[in-house]
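Inspection log for the structure reproduced underneath, given as structure tokens.
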Amino acid sequence: MKKIFIAIFGLTLLTGCMTTSQSVLGTANSQVATRNYQSRMFDTSDKKMVLRSVISTMQDLGFIIDRADETLGTVSGTSFTNNSKMTVSVRPSGKKQMLVRANASAGLHEITAPAAYQNFFNALSQSMFLDAHLVE
13 MKKIFIAIFG LTLLTGCMTT SQSVLGTANS QVATRNYQSR MFDTSDKKMV LRSVISTMQD
73 LGFIIDRADE TLGTVSGTSF TNNSKMTVSV RPSGKKQMLV RANASAGLHE ITAPAAYQNF
133 FNALSQSMFL DAHLVE
């Protein structure tokens with residue numbers, strides 16, 4: 013009986029130390045890959061213009077702006093049509109570029125589809141182009 017208890021305890025200990033193929037946060041993508049499709053560089057040093065374009069783009073995509081902070085360079089919004097939230101941060105990268113990073117979630121789950129972020133950045137690029145060329 014004692015040997016069976018030791019064997020069961022040993023197996024329990026070994027299985028408790030096994031690793032899984034999923035990462036700690038439950039995503040299959042590495043953090044570098046995720047950050048890659050959530051981020052874009054824009055050739056401008058005008059942080060205010062980028063923040064205004066982010067706000068316009070989010071509103072065009074159906075988001076209601078919850079909070080915008082120029083000092084921190086963040087904009088957060090909620091879309092009630094598809095139960096999602098998005099936070100976008102803008103920060104300088106060097107003297108002539110701005111790094112824009114978006115992070116979105118639907119309900120309690122992070123949106124991990126690169127196409128969703130690509131659509132946002134395409135719309136943001138168009139908005140920034142139109143703002144730079146004063147097209148209304």
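Positions in the sequence shown are counted from 1; adding 12 to them yields this note's numbering. Positions of the beta carbon are idealized from the N, C-alpha and C atoms, including for glycine. Bear in mind the structure is a predicted one, so any value in this text is a computation, not a measurement.
Cβ-Cβ distance between residue i and residue j below 7 Å
i, j, result
"Ser51", "Arg113", "yes"
"Gly89", "Met70", "yes"
"Thr86", "Ser101", "yes"
"Phe75", "Ser91", "yes"
"Met53", "Gln109", "yes"
"Met140", "Ala116", "no"
Of the residues the options, the one placed nearest residue i, counting alpha carbons only
i, options, result
"Ala128", "Thr83, Arg64 and Asn94", "Asn94"
"Leu136", "Arg79, His121, Asp58 and Asp72", "Asp72"
"Leu111", "Thr46, Glu82, Lys59 and Phe132", "Lys59"
"Asp81", "Ser68, Ala118 and Leu63", "Leu63"
"Val44", "Leu142, Gln138, Phe133 and Pro126", "Pro126"
Limits of the alpha helix (DSSP H) - the one that residue i falls within
i, result
"Ser65", "Lys59 to Asp72"
Beta-ladder partner(s) of residue i, from DSSP
i, result
"Ile123", "In the DSSP output, where bridge partners are listed per residue, Ile123 has none listed."
"Thr90", "Ile76 and Lys97"
"Arg52", "Val112"
Host beta strand (DSSP E) of residue i (start-end)
i, result
"Thr99", "Ser96 to Pro104"
"Leu111", "Met110 to Ala118"
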